[in-house]
Amino acid sequence: MYSVNHVKGFTIIELLVSMLLGLVLMGGMISIFSANQQSYRVVNGLSRLQDNARLAFDLISHDLRMAGYMGCLSKVAFSNFINRLKPSDIDYLMDMGTLFSGYVYKSGTWSPTLNTQLQNLNPSSSADILVVRRTSDEGARVTQAMPNTSADIKVEASISLENEEIVLISDCTRATLFQITNIASMKSGTEYNIIHNTGGSIDPGNVKKELTDDGIPYGEDAAIYKMESTIYYLAESAFPNNQGNTVTSLWRQEGLNAAEELVRGVEQMTFLYGEDTNVDQVPNRYVTADLVGDMSRVVTLRIHLRLNTVDEVSSQGNTITRDFDFFIKVRNT
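In terms of the numbering used here, the sequence shown is numbered consecutively and its last residue is 336.
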């Protein structure tokens with residue numbers, strides 16, 4: 004009698020089917036992982052883009068809202084403003100008669116024409132340039148009334164001041180812009196003796212040392228404020244994106260200090276100036292800087308920003324862009 008031996012295991016067909024099913028499942032898992040990774044890149048890129056837009060707006064809006072701030076001196080009293088600085092290449096930074104000014108690139112040229120300092124920033128022509136002028140939030144109180152012919156002022160050492168720094172002194176009814184030619188610490192560092200002689204070791208220097216024209220000196224009701232000017236513009240980033248491509252960023256220069264990169268991925272930046280033509284504090288028209296009739300009548304600004312995700316995050320291998328518009332009310336007009 005013969006016994007039958009049962010064959011155990013998988014046939015070649017069963018193995019092939021199992022391998023095929025495994026490949027299908029693995030392909031599905033890889034596809035899901037790839038899709039999730041792509042979604043993460045997009046969501047993360049858009050999140051950074053929105054954060055960058057908020058940061059850019061916060062930085063620009065803070066300076067614009069403070070444009071023209073000169074301590075307690077009101078716009079009404081601005082006719083009592085004296086500029087003791089010599090004419091120089093940095094006049095555009097110290098023009099306290101204009102709260103802010105803009106430069107627009109049209110028809111292949113900048114309007115108004117950029118001076119040497121602005122040209123050296125290598126600004127992108129895809130964006131406007133904004134210059135904002137103001138004084139520091141806090142001032143140093145004058146501790147002794149000064150003779151009009153004196154070239155020194157005694158003030159509290161409540162803020163940091165340096166030689167050759169440009170400052171403004173004001174007593175709420177008048178103000179004078181001048182350059183410190185020397186400074187000394189007094190009374191164990193609690194007081195400064197500020198010298199403001201004619202000239203100066205660096206530009207621009209002072210036309211004359213007297214701070215007033217009427218012979219009435221500044222007294223203990225006056226304070227000294229640091230002059231602050233800020234330039235916002237777009238230029239090439241110091242760092243490429245994940246594909247090694249050039250990125251455009253928002254840059255800022257404060258005074259004559261080195262410019263600093265603030266926000267990457269800003270492609271466009273334009274400003275429209277809301278001009279009040281009938282003196283009711285309501286803008287009657289929005290125009291570019293070169294078409295503003297009177298900058299002193301600008302009461303609001305509309306800022307348009309176009310930002311991208313910096314890195315290429317889309318499924319097509321491109322950056323994603325978004326447009327943002329903000330309105331800012333100017334306080335000191």
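Beta carbons: idealized from backbone N, C-alpha and C, even for Gly.
Values in this document were obtained by computation on a predicted structure and should not be read as measured data.
CB contact flag (residue i, residue j, <8 Å)
i	j	result
P207	M149	no
R288	K211	no
I85	D216	yes
I186	M230	no
A70	L237	no
Y72	R137	yes
I227	E167	no
D155	N196	yes
D174	A143	no
D328	H307	yes
P286	T303	yes
E270	R305	no
T404	V107	Any answer about residue 404 is impossible in this case: the structure gives the chain only from 4 up to 336.
G258	S232	yes
S128	I162	no
G268	L49	no
N3	T176	For residue 3 there is no data in the structure shown, the boundaries of the chain being 4 and 336.
Reduced DSSP secondary structure (H/G/I, E/B, other) of residue i
i	result
Q120	helix
L259	coil
V79	Note that V79 scores a pLDDT of 49, beneath 50, so its modelled location is shaky and nothing firm can be said.
D293	helix
N335	coil
Q340	Residue 340 cannot be examined here, being either before or after the span of the chain that is shown, 4 to 336.
L164	coil
I172	strand
Y276	strand
I197	strand
E17	helix
G31	helix
F60	helix
N86	strand
M189	strand
M73	coil
V285	coil
S299	helix
S114	strand
M230	strand
G142	coil
D314	coil
G25	helix
R68	helix
L214	coil
S91	coil
Cβ neighbour criterion (16 or more within 10 Å) applied to residue i
i	result
S191	exposed
D326	exposed
H199	buried
Q256	buried
M32	exposed
E263	exposed
I331	buried
E278	buried
K109	exposed
Q284	exposed
M29	exposed
R334	exposed
D66	buried
V27	exposed
T112	exposed
L76	buried
Own chain partners of residue i with C-beta closer than 6 Å, once the 5 adjacent residues on each side are dropped
i	result
S104	V134
V20	none
I172	T179, Y221, A225, I227
S240	V250, S252, R267
Spatial neighbours of residue i in its chain, beta-carbon cut-off 7 Å, leaving aside the 5 residues before and after
i	result
V266	N55, L58, A59, S252, L253
R44	V316
P115	Y106
Nonlocal neighbours in the same chain, by C-beta distance under 8 Å from residue i, ignoring five residues either side
i	result
N118	D92, Y95
E194	T146, K157, V158, E159, A160, S188
N47	V316
V282	R300
N321	E315
E223	R144, V145, T146, Q147, A148
8 Å Cβ cutoff, residue i in contact with chain B
i	result
G30	This model lacks chain B altogether; it includes just one protein chain.
Residue i versus the options, residue with shortest Cα-Cα distance
i	options	result
V301	S114, L275, D314	L275
S299	R309, T112, T233, T280	T280
Q246	N209, T312, E270, G296	T312
K89	L164, Q122, N209, R305	N209
G296	R68, T101, I63, S64	T101
G74	M99, L18, I63	M99
T201	M97, I63, S153	S153
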